[in-house]
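Peer 1:
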Amino acid sequence: MRCQTETPRDLRSLNAEEAEDLLSGWGHKSYRAKQLLGWLYKKSVGSIDEMTDLPQGLREQLAASFALQPLKLAREQCSVDGTVKFLWRLEDDQLIESVLIPASIGRDGSQSDRRTLCVSSQVGCAYGCKFCASGLMGYKRNLDASEIVDQVLAVERWRLSKGTWSIGSEPLVNNIVMMGMGEPLANYDNLLRALEIFNAPWGLNIGARKITVSTSGLAPQIRRLAETPQQYHLAISLHGATDAVRDKIMPINRKYPLEELISACEAYQQAKGRMIWVEYILIDGVNTGLEQVEALGDLAKRLKCKVNLIPYNPVDSIQLKRPSDGIVSQFRDALHHLGVRVTVRIEKGTDIDAACGQLRLKSEKKFSSA
Ligand code: SAH
Ligand code: SF4
Numbered sequence: 001m002r003c004q005t006e007t008p009r010d011l012r013s014l015n016a017e018e019a020e021d022l023l024s025g026w027g028h029k030s031y032r033a034k035q036l037l038g039w040l041y042k043k044s045v046g047s048i049d050e051m052t053d054l055p056q057g058l059r060e061q062l063a064a065s066f067a068l069q070p071l072k073l074a075r076e077q078c079s080v081d082g083t084v085k086f087l088w089r090l091e092d093d094q095l096i097e098s099v100l101i102p103a104s105i106g107r108d109g110s111q112s113d114r115r116t117l118c119v120s121s122q123v124g125c126a127y128g129c130k131f132c133a134s135g136l137m138g139y140k141r142n143l144d145a146s147e148i149v150d151q152v153l154a155v156e157r158w159r160l161s162k163g164t165w166s167i168g169s170e171p172l173v174n175n176i177v178m179m180g181m182g183e184p185l186a187n188y189d190n191l192l193r194a195l196e197i198f199n200a201p202w203g204l205n206i207g208a209r210k211i212t213v214s215t216s217g218l219a220p221q222i223r224r225l226a227e228t229p230q231q232y233h234l235a236i237s238l239h240g241a242t243d244a245v246r247d248k249i250m251p252i253n254r255k256y257p258l259e260e261l262i263s264a265c266e267a268y269q270q271a272k273g274r275m276i277w278v279e280y281i282l283i284d285g286v287n288t289g290l291e292q293v294e295a296l297g298d299l300a301k302r303l304k305c306k307v308n309l310i311p312y313n314p315v316d317s318i319q320l321k322r323p324s325d326g327i328v329s330q331f332r333d334a335l336h337h338l339g340v341r342v343t344v345r346i347e348k349g350t351d352i353d354a355a356c357g358q359l360r361l362k363s364e365k366k367f368s369s370a
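Under the working numbering, think of the first position of the sequence shown as 1, with each following residue one higher.
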């Protein structure tokens with residue numbers, strides 16, 4: 001969480017225990033904490049003044065000690081496939097993005113009511129993966145827990161303002177993937193607080209199994225996450241099945257090489273008793289060779305995990321290419337033949353730059369060249 005001397009802490013990073021301690025410390029009845037949490041996380045108000053059933057005195061106390069700074073919508077892009085990409089402006093004018101992916105068809109072909117939000121954890125990213133728009137722009141700062149949480153709440157406010165989604169009183173977002181801009185495990189404390197708020201009954205009440213953390217491979221933090229009691233889902237961005245290939249495209253691999261990463265994944269699976277996913281972007285001529293199929297097959301069998309293949313989504317100013325459909329099918333079939341559970345993820349929103357960091361990158365260029 002950001003330091004109190006810089007800006008007052010945002011209310012939307014409080015958990016139930018802190019809200020109860022705070023309000024009882026100020027001499028208020030215990031039910032006031034529940035009311036406050038309801039305004040913050042269920043009704044998603046944009047200001048303290050809107051908390052109309054809190055006494056005026058309490059609202060003034062809150063306003064004197066805390067901030068409540070909703071994300072501002074800088075840009076919105078709707079894809080023909082229903083995906084909506086949001087570019088948010090933060091208080092310090094930094095830009096981050098979230099992507100709403102309404103899946104009407106489930107992975108197994110059945111109807112699904114899953115409405116996923118892809119959430120950012122940092123402004124930019126320090127890890128510099130060679131294929132990624134977020135890596136290209138470098139690291140600016142961590143997001144505060146409230147800025148992570150408010151991406152979901154801001155989408156709820158957006159939906160109310162549009163009135164276009166007819167899903168009754170249910171919240172719009174019921175599945176969260178930490179796959180937006182940034183490396184979530186490099187912002188560990190704020191991430192965990194945000195996940196607690198997503199998951200808790202007094203918060204957004206989204207089941208831990210519907211919350212996925214994606215990481216490029218920070219092995220020590222994977223082990224740390226393994227020790228938490230919640231059953232958060234873990235996805236590993238592998239993208240190379242040997243150190244030689246991974247070193248070339250993901251600098252993090254030099255710090256935590258494959259063996260260290262895979263043994264941290266085993267520790268996670270053992271602690272949680274749950275399967276992890278391996279994400280593997282297919283980049284033409286970089287990681288699509290037969291030796292990668294074999295090495296990936298060995299790793300997947302060792303982890304007993306499922307592999308999602310994602311054909312590379314081209315990014316402006318990165319000279320990498322998506323392989324042909326034929327190469328993608330060959331890679332998938334070869335893995336399948338080795339007995340690995342494998343799917344090719346159909347990218348959503350490719351017409352609106354929905355891959356990690358792309359909209360922000362384009363907007364930055366537009367703003368700076370304007
Ligand atoms: N830093 C975390 C989470 C954010 S990236 C991580 O790396 O896992 C979310 C996913 O988008 C990662 O799997 C990442 O490798 C992938 N990604 C990044 N750029 C991409 C691109 N151009 N095409 C397809 N997937 C991309
Ligand atoms: Fe950072 Fe993930 Fe992009 Fe790598 S893929 S640069 S870790 S956001």
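The beta-carbon is built from N, C-alpha and C at its ideal position, and this holds for glycine as well.
#1: How many angstroms separate the CA atom of A295 from the CA atom of L136?
#2: Pick from S214, R157 and G163: whose alpha carbon is nearest that of G180?
#3: Does the beta-carbon of N287, which I'm using as the reference point, lie nearer than 7 Å to any heavy atom of the ligand SAH?
#4: In or out: M178 buried (at least 16 other Cβ within 10 Å) or exposed?
#5: By Cβ distance, which residues of its chain are closer than 7 Å to D150, with the 5 residues on each side in sequence left out?
#6: My parser needs the alpha helix (DSSP H) runs of 4 or more residues fully inside the region 154-208; what are they?
#7: Between L100 and V123, is the Cβ-Cβ spacing less than 8 Å?
#8: Taking the C-alpha atoms as reference points, what is the distance between L14 and K321?
#9: Taking Cβ positions, are N253 and Y280 nearer each other than 8 Å?
#10: Could you check if G138 belongs to the surroundings of the ligand SF4, using beta carbon to heavy atom distance under 7 Å?
#11: Can you determine whether any heavy atom of the ligand SF4 sits closer than 7 Å to the C-beta of S134, and answer yes or no?
#12: Return the chain-ordered list of same chain residues with a C-beta closer than 8 Å to the C-beta of T7, the five sequence neighbours on each side being excluded.
#13: Taking K43 as the reference, which of Y127, V155 and L62 has the closest Cα?
#14: Tell me the rounded alpha-carbon separation between D284 and P251.
#15: Within the chosen definition, does the region 272-279 reach the region 296-307 through at least 3 CB pairs nearer than 8 Å?
#16: Alpha carbons only, please: which of V286, E291, D333 and V293 is nearest the one belonging to K130?
#17: Given 7 Å as the limit, tell me if G128 has its C-beta closer than that to any heavy atom belonging to the ligand SF4.
#18: Quick one: is the Cβ of T215 within less than 7 Å of any heavy atom of the ligand SAH?
#19: Rounded to whole angstroms, what's the CA-CA distance from I310 to L282? Just pull it up for me.
#20: Under the three-state reduction of DSSP, which class applies to D10: helix, strand or coil?
#21: Considering only C-alpha positions, which residue in the set S47, I206, E20 and C78 is nearest to K34?
#22: I need the straight-line Cα distance from V426 to R246, nearest angstrom please.
#23: Can you tell which of A145, I96, V45 and I148 has its C-alpha closest to the C-alpha of Y139?
#24: Which residues bound the alpha helix (DSSP H) around L296?
#25: Express the C-alpha separation of H28 and K362 in angstroms, rounding to a whole number.
#26: By DSSP, does L54 sit in helix, in strand, or in coil?
#27: Indicate the three-state DSSP secondary structure (helix, strand or coil) for V245 in the structure shown.
#28: Any heavy atom of the ligand SF4 within a distance shorter than 7 Å of the CB on G240?
#29: The ligand SAH and E183: does the residue's C-beta get closer than 7 Å to at least one heavy atom of that ligand?
#30: Heavy atom of the ligand SF4 less than 7 Å from the Cβ of S237, yes or no?
#31: Could you check if C125 belongs to the surroundings of the ligand SF4, using beta carbon to heavy atom distance under 7 Å?
#32: Helix, strand or coil for F367? Go by DSSP, reduced to three states.
#33: Identify which residue in D10, L37 and G25 has its Cα closest to the Cα of P201.
#34: Under a Cβ-count criterion, where at least 16 other Cβ atoms within 10 Å of its own Cβ denotes burial, should Y31 be classed as buried or exposed?
#35: Do you know offhand how far I197's Cα is from G203's?
Peer 2: From the atom records:
#1: 28 Å
#2: S214
#3: no
#4: buried
#5: R12, P70 and L71
#6: 188-199
#7: no
#8: 44 Å
#9: no
#10: no
#11: yes
#12: A67 and E91
#13: V155
#14: 19 Å
#15: yes
#16: V286
#17: yes
#18: yes
#19: 6 Å
#20: strand
#21: E20
#22: Residue 426 lies beyond the range of the chain shown here (1 to 370); nothing can be said about it.
#23: I96
#24: L290 to L303
#25: With a pLDDT of 49 at K362, under the threshold of 50, the predicted position of this residue should be treated as unreliable, and no value is reported.
#26: coil
#27: helix
#28: no
#29: yes
#30: yes
#31: yes
#32: Confidence at F367 is low in this model, with a pLDDT of 34, below 50, so the placement of that residue should be treated as unreliable; the coordinate-derived value is given next. F367 falls in the helix class under three-state DSSP.
#33: L37
#34: exposed
#35: 5 Å
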